[in-house]
Amino acid sequence: QRMAAKFAARAMALSAMRRATTPHTIQSRALSGVPYVGPAKILYTQPYRVVKPEIIVGAVAYSPEVEKIWSGMRDYFFSQQVRMDFVLFTSYEAQVEALFSNFIDIAWNGPVAHVRTQRRSYDSSISLGMRDVDCGFVTRIAVREDANITSIQDIPGHKLATGSVDSPQAYILPLHYLQSQGLPLGSLEVTRFDRDVGKHGDTAVGEVEVLKALHEGRADVGLVSQMMWDRAVTSADINNGQGSPIRLLDEAPPVFDHCQFDTLNRTEGVERFSEALWNMDWNDPAHRKVMQMEGLREKWEPPRESGYEDLREALREEANTPYPPQLHETFNHPFKALTIA
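Rendered as structure tokens:
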């Protein structure tokens, strides 16, 4: 019996040692705009175990990597004694409804979902913070050189390619900007690449199609984010010596802010979540791996609302209801012609 007890004690000690030192292997975010940094060995003194969560965060699964990202975030919060768990959604519309039905406590919202949450709550929702990369997001207007377009005033009568209907950077905001500059939308033949609708342009697949249409001459003008333009130039998907060169107009929509944590109630759990979020330190190797996965450059930023003003104006006429109808349909739009590809 003494021998059995001795082996049992040794086994328990070894098990505890493994739990304390086994690395959590986490991969980099696929679409974060940061380079792949390799598998991360993140060592926490208190590895995650299944417990009843005190706070549940919602995030949209725009990529298979999202589950890995939020598993890493959950491990970090657990190391900070915050019992956080997460739920993934297939659309921001579903996530917003989950927030209002109290199924989740915090929503990691994109800009459209953030503005909708504020409107649905009659501006009583609480913004908790954003990544540094979410501040000052840039969208651009790209044109083919042979289209002879030197300013936005030359765009009427040309073929325009856009991202998905719910993309703030490749549809909603640039169209709002063109209209505000006096450009008649009724003069445009629009091809809209509705890819991954519900994810509000997070996958950027629609923007990839926009650049492809420009490169192949199926469009004269395209709406894309600066990030996707830079990637296309770097990878030589455009301006590779084949076909007419593509360039950016100097004129561009105002910059805007992207993702934001939203909640409806400042509970004790929400306060503990916020405190742990601000405790993330880029100089801590374990913290940095998680922050890189989530696409941060260096730090989390406090909430601000000034970067959403143009989007609020662009969505002003949208129905303030659950699952609002999309902005334009083939049978109801302001263009000369609309093709959904």
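Position 260 (the sequence shown) corresponds to 257 in my numbering; numbering is contiguous. The beta carbon of each residue, even a glycine, is placed where N, CA and C say it ideally should be.
Coarse secondary structure for residue i, derived from DSSP in three states
i: residue 170; result: helix
i: residue 58; result: coil
i: residue 182; result: helix
i: residue 88; result: coil
i: residue 228; result: helix
i: residue 69; result: helix
i: residue 324; result: coil
i: residue 96; result: helix
i: residue 245; result: strand
i: residue 164; result: coil
i: residue 329; result: strand
i: residue 52; result: strand
i: residue 194; result: coil
i: residue 222; result: strand
i: residue 144; result: helix
i: residue 152; result: coil
Burial state of residue i (16 or more Cβ within 10 Å)
i: residue 283; result: buried
i: residue 56; result: buried
i: residue 299; result: exposed
i: residue 76; result: buried
i: residue 166; result: buried
i: residue 281; result: exposed
i: residue 156; result: buried
i: residue 164; result: buried
i: residue 275; result: exposed
i: residue 47; result: exposed
i: residue 188; result: buried
i: residue 322; result: exposed
i: residue 35; result: Bear in mind that a pLDDT of 34 at residue 35, under 50, signals an unreliable position, so the number given afterwards is only what the model happens to contain. Burial call: exposed.
i: residue 291; result: buried
i: residue 213; result: exposed
i: residue 325; result: buried
i: residue 120; result: exposed
i: residue 179; result: exposed
i: residue 142; result: exposed
i: residue 336; result: exposed
Run of the alpha helix (DSSP H) containing residue i, from where it starts to where it stops
i: residue 204; result: 202 to 213
i: residue 352; result: Nothing in the structure corresponds to residue 352, since the chain is present only between -2 and 338.
i: residue 339; result: As shown, the chain starts at -2 and ends at 338. That puts residue 339 outside it, with no answer to give.
i: residue 309; result: 306 to 311
i: residue 117; result: 108 to 117
i: residue 283; result: 282 to 290
Beta-carbon contacts of residue i that lie in its chain and below 7 angstroms, excluding the five residues immediately before and after
i: residue 202; result: 192 and 193
i: residue 90; result: 195 and 320
i: residue 184; result: 153, 154 and 333
i: residue 278; result: 284
i: residue 267; result: 52, 102, 103 and 260
i: residue 340; result: Residue 340 is absent from the structure shown; the chain starts at -2 and stops at 338.
i: residue 317; result: 116 and 117
i: residue 94; result: 319
Enclosing beta strand (DSSP E) for residue i [first to last residue]
i: residue 186; result: 186 to 189
i: residue 259; result: 257 to 260
i: residue 138; result: 136 to 141
i: residue 293; result: First-last for residue 293: undefined, no H or E at that position.
i: residue 128; result: 123 to 128
i: residue 339; result: Outside the shown range of the chain, which is -2 to 338, sits residue 339, and nothing can be said about it.
i: residue 79; result: Residue 79 -> no beta strand (DSSP E), and no H or E assigned at all.
i: residue 238; result: Careful: residue 238 lies outside any beta strand (DSSP E) and carries neither H nor E.
Proximity test, Cβ basis, 8 angstroms: residue i and chain B
i: residue 196; result: Here chain B cannot be found, since the structure has a single protein chain.
Cβ-based neighbour list, residue i, same chain, cut-off 6 angstroms, excluding 5 preceding and 5 following
i: residue 59; result: 196, 199 and 200
i: residue 309; result: 112
i: residue 271; result: 125
i: residue 73; result: 287
i: residue 220; result: 159, 167 and 171
Spatial neighbours of residue i in its chain, beta-carbon cut-off 8 angstroms, leaving aside the 5 residues before and after
i: residue 181; result: 153
i: residue 256; result: 105, 106, 107, 108, 111, 127, 128 and 131
i: residue 50; result: 80, 81 and 82
i: residue 146; result: 140, 152, 155, 217, 218 and 246
Tell me whether the stretch 222 to 230 and the stretch 47 to 63 touch, counting them as touching only if at least three CB pairs, one residue from each stretch, are closer than 8 angstroms.
Taking a contact to require three or more Cβ pairs closer than 8 angstroms, the stretch 222 to 230 and the stretch 47 to 63 do not qualify as touching.
Determine contact between the stretch 160 to 171 and the stretch 229 to 240, defined as no fewer than three beta-carbon pairs at a distance below 8 angstroms.
Segments in contact, no.
Quick check: the stretch 237 to 256 against the stretch 288 to 306, are there 3 or more CB pairs under 8 angstroms?
Three or more beta-carbon pairs drawn from the stretch 237 to 256 and the stretch 288 to 306 are found closer than 8 angstroms, and the two stretches are therefore classed as touching.
Answer yes if the stretch 119 to 137 comes into contact with the stretch 203 to 214, meaning at least three C-beta pairs across the two stretches below 8 angstroms, and no otherwise.
With a cut-off of 8 angstroms, the stretch 119 to 137 and the stretch 203 to 214 do not count as touching, because too few Cβ pairs lie within range.
At a cut of 8 angstroms, does the stretch 309 to 318 reach the stretch 167 to 174 through at least three beta carbon pairs?
Judged by Cβ distances under 8 angstroms, the stretch 309 to 318 makes contact with the stretch 167 to 174, as three or more pairs qualify.
Using 8 angstroms as the cut-off, can you tell me whether the stretch 122 to 133 makes contact with the stretch 67 to 82, which would need three or more C-beta pairs spanning the two stretches below that distance?
Fewer than three pairs of CB atoms, one per stretch, sit closer than 8 angstroms, so the stretch 122 to 133 makes no contact with the stretch 67 to 82.
Measuring CB atoms only, is the stretch 256 to 263 touching the stretch 174 to 181, in the sense that at least three cross pairs come out at less than 8 angstroms?
Judged by Cβ distances under 8 angstroms, the stretch 256 to 263 makes no contact with the stretch 174 to 181, as fewer than three pairs qualify.
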